[in-house]
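Worksheet for the structure shown next.
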Amino acid sequence: MRLGALSLLALTVPVLPAAAQDISLRLPVACEIGRTCFVQKYLDHDPSPVMRDYQCGAVGENGHDGTDIRLPSMVEQRAGVDVVAAADGKVANTREGVPDAFVTEQTREKISQIGCGNAVVIDHGNGWRTAYCHMAKGSLTVRSGREVKAGDKIGQVGLSGLTEFPHLHFTVLKDGKPVDPFAYGAPEKSCGGGKSLWEASLQRPLAYQTGTVLNKGFAPGPVTMEAIEAGTAEQETLTTKSPALVAYVRAIALKGGDVQTLTLFDPDGKPLAQNKAPPLDRDKAQWMAFAGVKQPSGGFRPGLYRAIYRVERDGKPAIEQAFGISLQP
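In mature numbering (1 follows the signal peptide of the UniProt record, and there is no 0), the protein residues as written are -20 to -1, 1 to 309.
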């Protein structure tokens, strides 16, 4: 995603020694990576129409010039998740007033020139700038010229501009050009080279992953991707008299060839239902699976029902998530 009509040019500054030009970044979203937020897309290192992230994978899209940090669903977005300054600096530019809305084919062209949505650009000196896109309308707390410290709130995660899910699009620029905070200075076409710009405490949480479980739970009937995104799939409390028991999972950044299996077990550990999908035909930004059964005659037995989601990649286990629910009358 190109940032659109928001000036991101760096100020003219003296050339400093390489060591003096380094920047240390904190997470620009007030969340916990892998639990309350997830990396959905990385920066594209390949100038051709092929996407290539810093590990030579394809977690992202062609031309993507930053890192997307997404929330699990609109429930978290509506509750409010802060966007914070990744480093000390001065606010260079802001944009407000762009509505929060999922982009559609009908609206894509209209909003393409404000694709970054509600945004803030911070100048950190020495040619470094960071840009924060898609923030919620009315959430910005800073204006141009204000000094900020790392961790200061500047807005909240939203759905403004060219967005298909609630997230922050975060771009790091050096001398006006986007760089990868996961692999700064990496040689061209290298896999895993370069230097991480993230502060030391983030090195492990932000380790590269291909495939992550974004949502999981149980519902009283078939679920849809829209219901999972809206956070309505689990609105109803399940009991032994529910019309059905359906386990569901939404995973992101899966790879072509991945084989997914979702199995539902009764309180005795016996399989009640299983959904084994055929190998994925190509990489998938997100994928949903569910497995379930209708209420048996007389209702479900009280007790703990479990589900296990597994992904096999190249014949080896890649992802496994177990979750459960206790059914009572």
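Heads up, the beta-carbon is just placed ideally off N, CA and C, and yes, glycines get one too. Since this is a predicted model, take the numbers as computed values, not measurements.
DSSP state of residue i mapped onto helix, strand, coil
i: S92; result: helix
i: L182; result: helix
i: E76; result: coil
i: T87; result: helix
i: L(-18); result: Any answer about L(-18) is weak, because its pLDDT of 46 lies below 50 and its placement is not dependable; what the coordinates show is given next. Coil, per DSSP.
i: L194; result: strand
i: I305; result: strand
i: L(-13); result: Confidence at L(-13) is low in this model, with a pLDDT of 41, below 50, so its placement is unreliable and the value that follows should be read with caution. Coil.
i: A(-2); result: Caution is warranted here: a pLDDT of 41 is assigned to A(-2), below 50, making its placement in the model unreliable, and the coordinate value is therefore given only provisionally. In the structure shown, A(-2) sits in a helix (DSSP, three-state: H, G or I).
i: K264; result: strand
i: G283; result: strand
i: G272; result: strand
i: Y188; result: coil
i: K169; result: coil
Beta bridge counterpart(s) of residue i as assigned by DSSP
i: Y98; result: The sequence given here places Asn at residue 98; Tyr does not occur at that position. N98 is bridged to M115.
i: P247; result: Paired residue(s): none; P247 is not in a bridge.
i: R109; result: D103 and L153
i: R293; result: K296
i: G69; result: V128
i: T241; result: K256 and R290
Closest Cα partner of residue i within the set the options
i: G279; options: L260, A224, Q240 and N255; result: A224
i: D263; options: P276, F245, K235 and F270; result: K235
i: Q254; options: R230, Y289 and Q275; result: Y289
i: N42; options: D33, K250 and I49; result: D33
i: P185; options: V273, I49 and G40; result: I49
i: R6; options: G107, S170 and Q183; result: Q183
i: K296; options: G237, Y285 and Q275; result: G237
i: A233; options: G37, A111 and S4; result: G37
i: E155; options: D132, W108, A163 and V137; result: The sequence shown places Asp at residue 155, not Glu. Among D132, W108, A163 and V137, the Cα nearest to that of D155 is on W108.
i: F198; options: V226, P161 and R75; result: V226
i: L242; options: D261, V152 and G272; result: G272
i: P282; options: E292, A298 and I305; result: I305
i: M268; options: T212, P251, F245 and I208; result: I208
i: P251; options: N106, Y285, K169 and S277; result: Y285
i: A67; options: H25, M115 and L153; result: L153
i: F270; options: Q308, L218, G201 and H44; result: G201
i: V100; options: S119, E85, K274 and V83; result: S119
i: residue 323; options: V291, V193, K221 and A257; result: The structure shown does not extend to residue 323, since the chain spans only -20 to 309, so no value can be given for it.
i: L148; options: V71, G95, S170 and K169; result: G95
Bounding residues of the alpha helix (DSSP H) (the contiguous stretch that carries residue i)
i: R58; result: M54 to A59
i: I208; result: M205 to A210
Opening and closing residue of the beta strand (DSSP E) in which residue i lies
i: P8; result: Unbroken run through P8: none, as it is neither H nor E.
i: residue 321; result: The chain is shown only over -20 to 309; residue 321 falls outside these bounds and no answer can be derived.
i: L225; result: A224 to L234
i: I49; result: T47 to R50
i: V19; result: F18 to K21
i: residue 320; result: This structure leaves residue 320 out entirely; the chain is present only between -20 and 309.
i: I134; result: K133 to Q136
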